[in-house]
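For what it's worth, numbering that gives the first Met the number 0 labels the leading residue of the sequence shown as 0, then goes sequentially. Accompanying notes for the structure given below.
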Amino acid sequence: MCTPTDALSGVQSNSSTMSRHSRAQRPMLECKPITQGSATAPCASADTESFDLTRALFRIVRKGRVSRLQSYVAKSLATDHVVGPSLVSNSAATVYLLASTVDSQGRRLLHVACEYGQVKMLRYLVSIGLPIEVYDKKGNTPVHSCLKYSMKHQRFAKCCKLLGCLLKSNLELLYVRNNEGLSPSYLLEQLWRLASPKERSKGDAVSSKSDF
């Protein structure tokens, strides 16, 4: 049975030395939004283009369209002559653009991928190197967002998949509290208690097939 305790097994070995009750430091991501378009363009025009780009990226991530995201970023960077399309998939410019994208609530693309349960999108964003130690204005990490989605839809097994994408590199995020004092570990326990036997069985299958 995939209990909250079981969910912690299979994570990298040095994670066992971390304190379960310690609060992770919050290194804020130092990424300023990329201004799209010509450097000589009027500020109003640049701001409009930046807003349109941000809105488009969030919409694509919400829908979980990985290939569409890759092609959209390639087109955007090629327009700015930052990098050739053939180098976009793993380029520093791509990571910078996606990591610096933030909405009015302080959410990053990782938050949104988690909130909408987009496992493939989340795996892609993590695989290219987007930082996972990021926080929205309410102090929520992407791990909180995983639980937000899972609690809303009562998807314990799906939660295991989402968390598996994030916790391999930093297990301690499971114990970081948001501004309301809630930690993902507490929410995970509540989700497990509410899950049906069938949903818990699905969680067992997820855990047995992954490193999480």
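Cβ atoms here follow ideal geometry from the backbone N, Cα and C, with glycine treated the same way.
Neighbour-count burial assignment, residue i, 16 or more Cβ in a 10 Å radius
i: residue 163; result: buried
i: residue 201; result: buried
i: residue 154; result: buried
i: residue 169; result: buried
i: residue 191; result: buried
i: residue 157; result: buried
i: residue 143; result: buried
i: residue 112; result: buried
i: residue 98; result: buried
Spatial distance of residue i from residue j (CA atoms)
i: residue 29; j: residue 93; result: Low confidence applies to residue 29: its pLDDT is 46, below 50, so where it sits in the model is not reliable, and the reading given next is rough at best. Between residue 29 and residue 93, the C-alpha separation is close to 16 Å.
i: residue 145; j: residue 117; result: 10 Å
i: residue 58; j: residue 176; result: 28 Å
i: residue 121; j: residue 51; result: 22 Å
i: residue 49; j: residue 108; result: 15 Å
i: residue 198; j: residue 47; result: 45 Å
i: residue 134; j: residue 181; result: 14 Å
i: residue 194; j: residue 207; result: 18 Å
i: residue 126; j: residue 184; result: 24 Å
i: residue 148; j: residue 132; result: 19 Å
i: residue 187; j: residue 68; result: 30 Å
i: residue 205; j: residue 160; result: 7 Å
i: residue 203; j: residue 114; result: 22 Å
i: residue 31; j: residue 71; result: Its pLDDT being 49, under 50, residue 31 is placed unreliably by the model, and the measurement read from it follows with that caveat. Between residue 31 and residue 71, the C-alpha separation is close to 20 Å.
Contact belief for residue i with residue j at Cβ below 8 Å, rounded distance in angstroms
i: residue 110; j: residue 141; result: 5 Å
i: residue 212; j: residue 62; result: With the chain running from 0 to 211 in the structure shown, residue 212 is simply not present.
CA nearest to the CA of residue i, picked from the options
i: residue 241; options: 123, 106, 171, 153; result: Limits of the chain in this structure are 0 at one end and 211 at the other, which puts residue 241 out of reach.
i: residue 66; options: 160, 123, 154, 193; result: 123
i: residue 119; options: 196, 75, 165, 95; result: 165
i: residue 102; options: 69, 161, 60; result: 60
i: residue 95; options: 114, 113, 73; result: 73
i: residue 54; options: 75, 76, 91, 100; result: 100
i: residue 189; options: 151, 167, 179; result: 151
i: residue 90; options: 196, 56, 128; result: 128
Boundaries of the alpha helix (DSSP H) in which residue i is found, first to last residue
i: residue 98; result: 91-98
i: residue 118; result: 118-126
i: residue 192; result: 183-193
i: residue 111; result: 108-114
i: residue 253; result: Outside the modelled stretch of the chain, which goes from 0 to 211, sits residue 253, for which no answer is possible.
i: residue 162; result: 155-165
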